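Trainee:
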Amino acid sequence: MTDYILEMKNITKRFPGVLALDDVSFRVKRGEIHALVGENGAGKSTLMKVLSGVHSHGTYSGQVIFNGEEQSYRNIADSENAGIAIIYQELALCPNMNIAESIFLGREILSKSKLINWSEMYKRTNELLEQVELDINPETKISHIGIGQQQLVEIAKAVSKNAELLILDEPTAALTDKESEHLLDLLRQFKEQGVTCIYISHKLNEVYNIADTITVLRDGQSIITSKKEDLSQRDLISHMVGRELEDMFPRVYQKPEDVVLEVENWSIEHPTIANKKVIDNISFSCKKGEILGIAGLMGAGRTELIMSLLGHYGKKICGTIRMNGEEVVINNSSDAIKKGIGLVPEDRKRYGLVLHQDVKFNTGLASFNDLSKNGLINDNELISLTNEQVNKLNIRTPSIEQLLRNLSGGNQQKNVLAKWLIRELSVLILDEPTRGIDVGSKIEIYNIMNDLVAEGLAIIMISSELPEIIGISDRVLVMHEGKFVKEFSKDDVTQEEIMHYATGGI
Ligand SMILES: Nc1ncnc2c1ncn2[C@@H]1O[C@H](COP(=O)(O)OP(=O)(O)OP(=O)(O)O)[C@@H](O)[C@H]1O
Ligand SMILES: [Mg+2]
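Just so we're aligned: the sequence shown equals residues 110 to 615 in the numbering used here.
1) Given the structure, does L516 come close to ligand 1, in the sense that its CB is under 7 angstroms from one of the ligand's heavy atoms?
2) Where E141 and T334 are concerned, what is the direct C-alpha to C-alpha distance, given to the nearest angstrom?
3) Measure the Cβ-Cβ separation of G398 and G565 and say whether it is below 8 angstroms.
4) According to DSSP, is D132 helix, strand or coil?
5) Between I579 and the rest of its own chain, which residues show a CB-CB distance below 6 angstroms, the 5 nearest in sequence each way excluded?
6) For V536, list the residues DSSP reports as bridge partners.
7) Just to confirm before moving on: does the CB-CB distance between I120 and L156 stay below 8 angstroms?
8) Can you give me the C-alpha to C-alpha distance between D600 and I446, rounded to a whole angstrom?
9) Shorter than 7 angstroms, the distance from the beta carbon of D278 to the closest heavy atom of ligand 2, or not?
10) Check the C-beta distance from I450 over to L494 and give it rounded, since I have them as a contact under 8 angstroms.
11) Quick one: give me the first and last residue of the beta strand (DSSP E) that R233 is part of.
12) Using three-state DSSP, classify Y113 as helix, strand or coil.
13) Taking DSSP's pairing of strands, which residues face R327 in a bridge?
14) Please classify L462: does DSSP put it in a helix, a strand, or coil?
15) When the distance is taken between beta carbons, is R360 closer than 8 angstroms to I554?
16) Buried or exposed: which applies to E355, given that a residue is buried once 16 or more other Cβ atoms fall within 10 Å of its Cβ?
17) Can you give the Cα-Cα distance for N441 and L537, rounded to whole angstroms?
18) Around the C-beta of D665, are 16 or more other C-beta atoms found within 10 angstroms, so that it is buried, or is it exposed?
19) Report the CB separation of T412 from I571 in whole angstroms; it is logged as a contact under 8 angstroms.
20) What residues match up with W375 in a beta bridge as DSSP calls it?
21) With a floor of 4 residues, list each alpha helix (DSSP H) that falls wholly inside the segment 246-323, ordered by position along the chain.
22) Measure the C-alpha to C-alpha separation of Q258 and K458 and round it to an integer number of angstroms.
23) Where do the N-terminal and C-terminal ends of the alpha helix (DSSP H) with T472 fall, by residue?
24) Per the contact definition of three or more C-beta pairs closer than 8 angstroms, is the segment 186-199 in contact with the segment 159-177?
25) In the structure shown, what three-state DSSP assignment does T429 receive?
26) Is G150 near ligand 1, judged by its Cβ being under 7 angstroms from some heavy atom?
27) Please classify Q511 as buried or exposed, where buried requires at least 16 other C-beta atoms within 10 Å of its C-beta.
28) Taking its Cβ as the centre, do 16 or more other Cβ atoms sit within 10 Å of R505, making it buried, or is it exposed?
29) Between which two residues does the alpha helix (DSSP H) holding S598 run?
30) Along the chain, where does the beta strand (DSSP E) that runs through Q180 open and close?
31) In terms of DSSP beta bridges, what is I486 paired with?
32) Based on Cα-Cα distance, which residue from T429, D321, K364 and I382 lies nearest to E373?
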């Protein structure tokens with residue numbers, strides 16, 4: 110048997126107007142953790158979809174050799190049967206199913222009478238959840254658990270399939286540091302058990318932490334494959350972006366002016382537990398020209414806070430919001446849009462985009478009222494606004510008529526931003542804005558944030574990436590269990606201090 114569990118040779122894959130993979134060759138040694146890195150749109154996910162049969166044999170050219178034999182998978186079931194499990198970048202669980210149903214979807218455990226053996230399925234699920242150290246009832250619905258926990262459910266699902274090759278496409282994009290560490294530990298355990306792993310990530314620290322070998326893709330071509338030890342992070346980045354990058358956090362500070370947003374005594378009751386508060390009497394304000402960072406662990410209430418400001422939790426809220434000194438009532442997102450508040454949500458697929466619509470539609474998404482006259486949308490104006498944003502944000506797409514689901518993850522995220530940049534905003538709320546964004550594009554996004562605050566916008570940014578929170582905020586508020594427990598100015602904030610307070614230190 111060869112040393113290589115997988116050899117992909119001369120893979121070329123085209124989509125209309127896009128050469129996504131251009132003669133890529135990629136080999137993975139048995140038992141290693143092989144990181145696949147590259148900019149947004151470089152072709153990483155596409156290469157994995159070729160491997161797993163999502164892009165079926167015949168829709169690409171080149172060879173896929175798994176365990177020494179050439180493969181021609183027609184669909185994902187074929188690759189699964191061969192021992193390949195893939196966890197997608199865009200999580201693919203059904204929100205209405207419970208955890209056990211999701212894990213055993215299509216492979217339900219049946220009793221002798223050919224009915225679903227629920228007790229066995231819940232028992233198995235409990236064991237799997239224990240293996241990924243997720244302490245939760247297997248009957249919980251997917252829609253009731255956060256994106257981080259969904260990720261662990263996906264991993265449990267892969268474990269249940271006893272895969273020989275495990276592919277993780279940006280598994281930690283949505284996880285906190287602690288959860289990510291937990292995941293990396295799991296991967297190390299899998300490796301000890303002989304599982305081979307392909308690991309796609311934009312988090313280069315993680316790549317250096319976990320990988321044995323690194324392959325860089327750029328513009329659909331494989332640029333280099335190297336042992337981790339032989340490739341410095343600096344060289345890796347320049348292979349990825351094709352140039353040297355200077356400052357990771359190019360922040361230009363303004364002198365923050367008048368307070369634009371004030372939130373006072375803001376509380377949200379827990380949806381089911383009486384007398385428990387998800388957000389507990391929070392007050393804060395944000396000024397024009399300021400970037401306010403909100404740090405905290407997953408579950409601290411950061412996302413709940415900003416979703417509630419936009420009216421998401423209806424009557425369970427009390428407190429006041431003032432904009433430019435005047436009290437405002439925001440019952441839903443259209444109220445928020447009218448008041449000049451924009452949100453780039455944490456879960457872009459659910460709340461930020463319409464995936465089966467195109468770039469143009471998604472750019473206009475919050476502005477159709479303003480772009481319409483007598484019920485008709487001014488298409489020319491929308492086209493020119495969209496083109497402007499595609500250029501400004503460097504959104505990689507063959508045209509503005511491309512459907513969003515065909516864009517790479519990072520380019521989808523830029524489109525969410527585009528939706529707000531065509532409007533006049535006073536406050537822009539960004540929830541994990543650079544999740545799944547490559548190093549070069551991150552800097553582009555920070556520069557756009559710089560421009561926006563220079564124009565007088567107030568930006569509130571939630572981020573789990575501490576270097577980003579520190580590198581880009583004027584002020585940082587740390588949240589713990591629904592309260593702000595500490596405020597730092599940009600000059601006295603450190604990662605250690607943030608973690609201290611975020612984990613409940615006093
Ligand atoms: N189904 C599709 N139809 C049309 N174009 C597609 C499709 N899938 C991917 N592409 C295009 O192929 C290119 C490679 O995309 P891919 O998703 O593989 O990038 P990626 O490296 O995974 O990026 P990211 O880091 O943003 O996830 C992009 O230009 C993308 O828009
Ligand atoms: Mg991808």
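C-beta: ideal position from N, C-alpha, C; glycine also.
As the structure is a prediction and not an experimental result, all values here were calculated from the model.
Mentor: In short:
1) Position 407 of the sequence shown, counting from 1, holds the residue named residue 516. It does: the Cβ of L516 is within 7 angstroms (strictly closer) of some heavy atom of ligand 1.
2) In the sequence shown, residue 141 corresponds to position 32, counting from 1. In the sequence shown, residue 334 corresponds to position 225, counting from 1. Distance between the alpha carbons of E141 and T334 is about 13 angstroms.
3) Mapped onto the sequence shown, residue 398 falls at position 289. Mapped onto the sequence shown, residue 565 falls at position 456. Their beta carbons are under 8 angstroms apart, which means G398 touches G565 by this criterion.
4) Within the sequence shown, numbered from 1, the residue matching residue 132 stands at position 23. The three-state reading of DSSP puts D132 in strand, counting E and B together.
5) Along the sequence shown, one-based indexing puts residue 579 at 470. Within the same chain, I579 has close Cβ partners V602.
6) For this step, residue 536 is matched to residue 427 along the sequence shown. In DSSP, V536 forms a bridge with I450 and A567.
7) If you number the sequence shown from 1, residue 120 lands on position 11. If you number the sequence shown from 1, residue 156 lands on position 47. Taking a C-beta distance under 8 angstroms as the contact criterion, I120 and L156 qualify as a contact pair.
8) Counted from its first residue, the sequence shown places residue 600 at position 491. Counted from its first residue, the sequence shown places residue 446 at position 337. Near 33 angstroms, if we compare the C-alpha coordinates of I446 and D600.
9) Position 169 of the sequence shown holds residue 278. Taking 7 angstroms as the cut-off, the C-beta of D278 counts as close to a heavy atom of ligand 2.
10) Indexing the sequence shown from 1 puts residue 450 at position 341. Indexing the sequence shown from 1 puts residue 494 at position 385. Rounded, the Cβ-Cβ distance is 20 angstroms, inconsistent with contact.
11) Counting from 1 along the sequence shown, the entry for residue 233 is found at position 124. Counting along the chain, R233 falls outside any beta strand (DSSP E), though it belongs to the alpha helix (DSSP H) covering W227 to Q240.
12) Position 4 of the sequence shown, counted from the first residue, corresponds to residue 113. Looking at Y113 - three-state DSSP - the assignment turns out to be strand.
13) Position 218 of the sequence shown, counting from 1, holds the residue named residue 327. Partner(s): Q330.
14) As a first step, residue 462 is located in the sequence shown; it is residue number 353 there, counting from the start. In the structure shown, L462 sits in coil (DSSP, three-state: anything other than H, G, I, E or B).
15) The count along the sequence shown starts at 1 and reaches residue 554 at position 445. The count along the sequence shown starts at 1 and reaches residue 360 at position 251. Against a cut-off of 8 angstroms, the Cβ pair of R360 and I554 comes out as no contact.
16) Taking the sequence shown and counting its residues from 1, the one referred to as residue 355 is at position 246. So E355 ends up on the exposed side.
17) Indexing the sequence shown from 1 puts residue 441 at position 332. Indexing the sequence shown from 1 puts residue 537 at position 428. About 16 angstroms.
18) Given a span of 110 to 615 for the chain in the structure shown, any question on residue 665 remains unanswerable.
19) Translated into the one-based positions of the sequence shown, residue 412 becomes position 303. Translated into the one-based positions of the sequence shown, residue 571 becomes position 462. With a contact defined as Cβ atoms closer than 8 angstroms, T412 and I571 qualify at about 7 angstroms.
20) On the sequence shown, position 266 is the one that residue 375 refers to. I391.
21) If only complete runs of 4 or more residues are kept, the segment 246-323 shows the alpha helix (DSSP H) at 256-269, 286-301 and 313-319, in order along the chain.
22) Counting from one through the sequence shown, the residue named residue 258 turns up at place 149. Counting from one through the sequence shown, the residue named residue 458 turns up at place 349. Taking C-alpha positions only, Q258 is separated from K458 by approximately 16 angstroms.
23) Indexing the sequence shown from 1 puts residue 472 at position 363. Where T472 is concerned, the enclosing alpha helix (DSSP H) stretches over V468 to G473.
24) Cβ pair count under 8 angstroms is three or more, so yes.
25) Numbered from its first residue, the sequence shown carries residue 429 at position 320. DSSP, read as helix, strand or coil, puts T429 in strand.
26) Working through the sequence shown from its first residue, we reach residue 150 at position 41. It does: the Cβ of G150 is within 7 angstroms (strictly closer) of some heavy atom of ligand 1.
27) Here residue 511 refers to the residue found at position 402 when the sequence shown is read from its first residue. Label assigned to Q511: buried.
28) As a first step, residue 505 must be located in the sequence shown, where it is residue number 396. Its Cβ being crowded by 16 or more others within 10 Å, R505 is buried.
29) Residue 598 sits at position 489 when you count from the first residue of the sequence shown. Counting along the chain, S598 falls outside any alpha helix (DSSP H), though it belongs to the beta strand (DSSP E) covering K592 to S598.
30) Translated into the one-based positions of the sequence shown, residue 180 becomes position 71. From DSSP, the beta strand (DSSP E) with Q180 extends over E178 to Q180.
31) On the sequence shown, residue 486 is found 377 positions in, with the first residue counted as 1. Residue pairing by DSSP places I486 opposite S481 in a beta bridge.
32) Your numbering for residue 373 matches position 264 in the sequence shown. The option with the nearest alpha carbon to E373 is T429.
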